[in-house]
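Mapping the sequence shown onto our numbering, position 127 (from 1) lands on 223, and the numbers just tick up by one.
Glycine included, every Cβ here is placed at the ideal spot set by N, Cα and C.
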Amino acid sequence: MESRILDLLYPPRCPVCDGLRPIGAPRCHPACRGKLTPVGADTCMRCGKPVPEGAAEYCYDCASKQESSFERGVSVFLYEGDIRESMVRFKFHGREEYGAWYAGELLAAQGAKLRAFGADAVIPVPIHRRKMRRRGYNQAERIARVLAEELNLPLYDDYLRRNRFTVPQKELSNHERVRNLMRALEPGRQADRLRKQQKTPRRVILVDDIYTTGSTLEACSAVLKSTGAEHVMVATICIGGGYV
Ligand SMILES: [Zn+2]
Ligand SMILES: [Zn+2]
97 MESRILDLLY PPRCPVCDGL RPIGAPRCHP ACRGKLTPVG ADTCMRCGKP
147 VPEGAAEYCY DCASKQESSF ERGVSVFLYE GDIRESMVRF KFHGREEYGA
197 WYAGELLAAQ GAKLRAFGAD AVIPVPIHRR KMRRRGYNQA ERIARVLAEE
247 LNLPLYDDYL RRNRFTVPQK ELSNHERVRN LMRALEPGRQ ADRLRKQQKT
297 PRRVILVDDI YTTGSTLEAC SAVLKSTGAE HVMVATICIG GGYV
């Protein structure tokens with residue numbers, strides 16, 4: 097359906113203040129957009145966290161890690177204040193429409209790096225089907241879908257599956273969290289089908305809404321590599337500024 101007709105049926109809301117917008121106006125009020133903190137130009141090459149200007153290529157976390165499953169990372173906003181509240185509505189209050197705006201911001205801020213990576217597929221971080229039923233959508237897929245369209249790449253939204261329901265694991269170390277999450281993930285039907293067709297994606301953009309400890313993205317990347325992916329870039333909308 098044409099987007100103008102959709103706008104009439106479901107008046108779009110500003111992703112920052114959740115206020116209704118006049119039809120034909122930008123998706124986000126410019127003043128609301130101005131309240132958010134972009135990650136800026138100096139970021140960690142691997143995860144996308146801001147690093148002090150002119151500092152090393154990697155943030156403290158990434159520099160201290162022995163090895164990791166993804167090599168590159170980009171994000172857009174610091175995970176704080178208004179964007180944090182926006183993310184809560186996006187995930188828990190049905191505002192799936194925000195996803196298109198998030199993807200647009202990701203492209204505007206990081207399009208050059210995303211394109212330079214030369215990906216052959218876009219894959220969202222999966223959620224468990226119980227969450228999917230409750231929420232009605234996978235928020236990472238809502239971002240990944242628009243990103244894939246704009247980058248002219250295939251979207252594989254059943255390539256990774258979450259087969260077990262995991263509870264937040266704050267008391268565990270990062271390493272233990274990654275191992276637990278890896279056990280909760282498996283390749284989905286699309287992974288099998290693409291393998292049989294010898295079309296396993298080699299360079300993958302893995303998409304999630306938020307990067308905090310990085311353990312979810314780490315576990316998903318490790319599973320992607322086990323299916324034959326060679327390089328993974330992680331793309332998120334928000335990223336924590338602190339270190340684990
Ligand atoms: Zn607004
Ligand atoms: Zn980093």
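Going by the DSSP bridge assignment, what does Glu-282 pair with across the sheet?
Sequence index remark: in the sequence shown, residue 282 carries index 186 (1-based). According to DSSP, Glu-282 bridges with Arg-257.
Taking all protein chains shown into account, do 16 or more other C-beta atoms lie within 10 angstroms of the C-beta of Lys-131, making it buried, or fewer, making it exposed?
The residue labelled residue 131 in the question sits at position 35 within the sequence shown. Counting Cβ neighbours within 10 Å, Lys-131 comes out exposed, since fewer than 16 surround it.
Kindly indicate which three-state DSSP category Ala-205 falls into: helix, strand or coil?
In the sequence shown, the residue the question calls residue 205 occupies position 109. If DSSP states are grouped into helix, strand and coil, Ala-205 belongs with the helices.
Secondary structure at Cys-316, three-state DSSP: helix, strand or coil?
Against the sequence shown, residue 316 aligns to sequence position 220. Looking at Cys-316 - three-state DSSP - the assignment turns out to be helix.
Please go through the same chain and pick out, in chain order, the residues whose beta-carbon is closer than 8 Å to the beta-carbon of Val-274, but skip the five residues on each side of it.
As a working mapping, residue 274 is identified with position 178 in the sequence shown. Contacts found: Ser-311, Glu-314, Ala-315, Ala-318.
Please determine whether the Cβ atom of Lys-209 lies at a distance below 6 Å from any heavy atom of ligand 3.
In terms of ligand content, the structure shown lacks ligand 3 and carries ligand 1 and ligand 2 instead.
Helix, strand or coil at Ala-152 [DSSP, three-state]
Taking the sequence shown and counting its residues from 1, one reaches residue 152 at position 56. Ala-152: coil per DSSP, three-state reduction.
What do you reckon, are the CB atoms on Val-303 and Pro-220 nearer than 7 Å?
As a position in the sequence shown, residue 303 is number 207, starting the count at 1. As a position in the sequence shown, residue 220 is number 124, starting the count at 1. For Val-303 and Pro-220, yes; Cβs fall inside 7 Å.
For His-271, which three-state DSSP category applies?
By one-based count along the sequence shown, residue 271 stands at place 175. Three-state DSSP puts His-271 in a helix.
Are at least three pairs of beta-carbons, each pair with one atom in the segment 266-282 and one in the segment 226-236, less than 8 Å apart?
no
Relative to ligand 2, is the shortest distance from any of its heavy atoms to the C-beta of Cys-113 smaller than 6 Å?
Locating residue 113 in the sequence shown gives position 17, where the first residue counts as 1. Because no heavy atom of ligand 2 lies under 6 Å away, the Cβ of Cys-113 does not count as near it: no.
Could you name the residues that DSSP lists as bridge partners for Leu-116?
Counted from its first residue, the sequence shown places residue 116 at position 20. Leu-116 pairs with Arg-109.
Taking the straight line between their C-alpha atoms, what separation do you get for Phe-399 and Tyr-194?
This structure gives no information on residue 399, because the portion of the chain shown stretches from 97 to 340.
Alpha-carbon spacing of Leu-268 relative to Ala-121, whole angstroms
As a position in the sequence shown, residue 268 is number 172, starting the count at 1. As a position in the sequence shown, residue 121 is number 25, starting the count at 1. One C-alpha to the other measures close to 46 Å.
DSSP-derived helix/strand/coil call for Gly-338
Within the sequence shown, numbered from 1, the residue matching residue 338 stands at position 242. Residue state, collapsed to three classes: coil.
CB contact flag (Cys-334, Phe-173, <7 Å)
For the purposes of this step, residue 334 is identified with residue 238 of the sequence shown, where counting begins at 1. For the purposes of this step, residue 173 is identified with residue 77 of the sequence shown, where counting begins at 1. Yes, Cβ-Cβ distance for Cys-334 and Phe-173 is below 7 Å.
Considering only their Cβ atoms, is the gap separating Gly-144 from Ala-169 smaller than 7 Å?
Counting from one through the sequence shown, the residue named residue 169 turns up at place 73. Counting from one through the sequence shown, the residue named residue 144 turns up at place 48. It is worth fixing the name first, because residue 169 is Gly in this sequence and not Ala. Going by C-beta atoms, Gly-169 is nearer than 7 Å to Gly-144.
So what's Met-141 in DSSP terms, helix, strand or just coil?
Counted from its first residue, the sequence shown places residue 141 at position 45. The answer is coil: DSSP assigns Met-141 none of H, G, I, E or B.
Considering only DSSP beta bridges, list what Phe-173 is partnered with.
Mapped onto the sequence shown, residue 173 falls at position 77. Pro-134, Cys-334.
I'd like to know whether the C-beta atoms of Tyr-175 and Ile-306 end up nearer to each other than 7 Å.
In the sequence shown, the residue the question calls residue 175 occupies position 79. In the sequence shown, the residue the question calls residue 306 occupies position 210. Yes, these two residues count as a Cβ contact at 7 Å.
Quick check: what's the CA-CA separation for Met-141 versus Ile-239?
Residue mapping note: residue 141 aligns to position 45 of the sequence shown, counting from 1. Residue mapping note: residue 239 aligns to position 143 of the sequence shown, counting from 1. Going from the Cα of Met-141 to the Cα of Ile-239 covers about 22 Å.
DSSP three-state call for Val-147: helix, strand or coil?
Locating residue 147 in the sequence shown gives position 51, where the first residue counts as 1. Residue state, collapsed to three classes: coil.
For Val-328, which beta-bridge partners are listed by DSSP?
Position 232 of the sequence shown, counted from the start, is the residue given in the question as residue 328. Bridge partners of Val-328: Val-300.
Assigned secondary structure, Tyr-233 (DSSP; H/G/I helix, E/B strand, else coil):
Mapped onto the sequence shown, residue 233 falls at position 137. In the structure shown, Tyr-233 sits in coil (DSSP, three-state: anything other than H, G, I, E or B).
Considering only residues of the same chain and omitting the five flanking positions on each side of Leu-116, which have a CB-CB separation below 7 Å?
Residue 116 sits at position 20 when you count from the first residue of the sequence shown. Counting only Cβ-Cβ distances below 7 Å, and skipping sequence neighbours, we find Pro-107, Arg-109.
Could you give the DSSP three-state label for Pro-122: helix, strand or coil?
Here residue 122 is taken as the residue at index 26 of the sequence shown, counted from 1. If DSSP states are grouped into helix, strand and coil, Pro-122 belongs with coil.
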